[in-house]
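Chains as they are written, first to last, in this note's numbering: chain A, 13 to 127; chain B, 21 to 137.
Take a look at the structure below.
See the structure below:
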């Protein structure tokens, strides 16, 4: 079965510091898409960043970047210069392809940002 | 651009009652999804529509859950009768059709929080 694993249920970071959230996945597919979604307490799921598996270059979006290691099946999210508004649940998700657009989510990492 | 709209935001019912959730996707998005998110877990896909048709409903408990997408736009998810274990957040998402389905990015609505007593 295709799975996504987030091994850190909770993380904490000081404001302005950098934090890395871990994610691993398991698939035999050669092409797929990986996503990080943010879910603040209001519960609106917001796309943070996405990575295409066939691209070796790591995706970046302002203060957010990923470290994509395809051989290790690892997809971590780095948040630089953390802000209070970054506090949320972060979900890693993978779309393994096929006929349907089916996202498989991890269990999430709750990020707290300390002032 | 308006986002995915959902209503109601909260619903409390007793077990064995019925409940319905409504979703309006982003304009022009052909694909619509319903997810169930139980507290402490990631969202799980219940059903996926492509325009009017169902693409995947393999994880929808069909004995009590039903969903429809009217005219390829709005969608309704119904639970009848509800069980205690149906307490969860129900998320609707939509995506714009891409050449390959898995290339599409899904955009989520605010969700409906259901509590079954």
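Each residue gets a CB set at the ideal place from its N, CA and C atoms; glycine is no exception.
Beta bridge counterpart(s) of residue i as assigned by DSSP
| i | result |
| --- | --- |
| residue 23 of chain A | A/123 |
| residue 112 of chain B | B/54 |
| residue 43 of chain B | B/26, B/95 |
| residue 64 of chain A | A/45 |
With 16 other Cβ atoms within 10 Å as the buried cut-off, status of residue i
| i | result |
| --- | --- |
| residue 78 of chain A | buried |
| residue 113 of chain B | buried |
| residue 63 of chain B | buried |
| residue 98 of chain A | buried |
| residue 75 of chain A | exposed |
CB contact flag (residue i, residue j, <8 Å)
| i | j | result |
| --- | --- | --- |
| residue 102 of chain A | residue 46 of chain A | no |
| residue 127 of chain B | residue 46 of chain B | yes |
| residue 108 of chain B | residue 57 of chain B | yes |
| residue 86 of chain A | residue 30 of chain A | no |
| residue 42 of chain B | residue 94 of chain B | yes |
| residue 24 of chain A | residue 95 of chain A | no |
| residue 28 of chain B | residue 125 of chain B | no |
| residue 38 of chain A | residue 14 of chain A | yes |
| residue 65 of chain B | residue 114 of chain A | yes |
Cβ-heavy atom distance, residue i to the ligand MG, below 7 Å
| i | result |
| --- | --- |
| residue 66 of chain B | No copy of the ligand MG occurs in the structure displayed, which carries no ligand at all. |
Residue i at chain B interface by Cβ criterion, 8 Å
| i | result |
| --- | --- |
| residue 119 of chain A | yes |
| residue 103 of chain A | yes |
| residue 50 of chain A | no |
Below-8 Å beta-carbon distance, residue i vs any chain A residue
| i | result |
| --- | --- |
| residue 65 of chain B | yes |
| residue 76 of chain B | yes |
For this session: Residues of the region 18-44 of chain A with a CB closer than 7 Å to any CB of chain B: list them in chain order, please.
Result: 44
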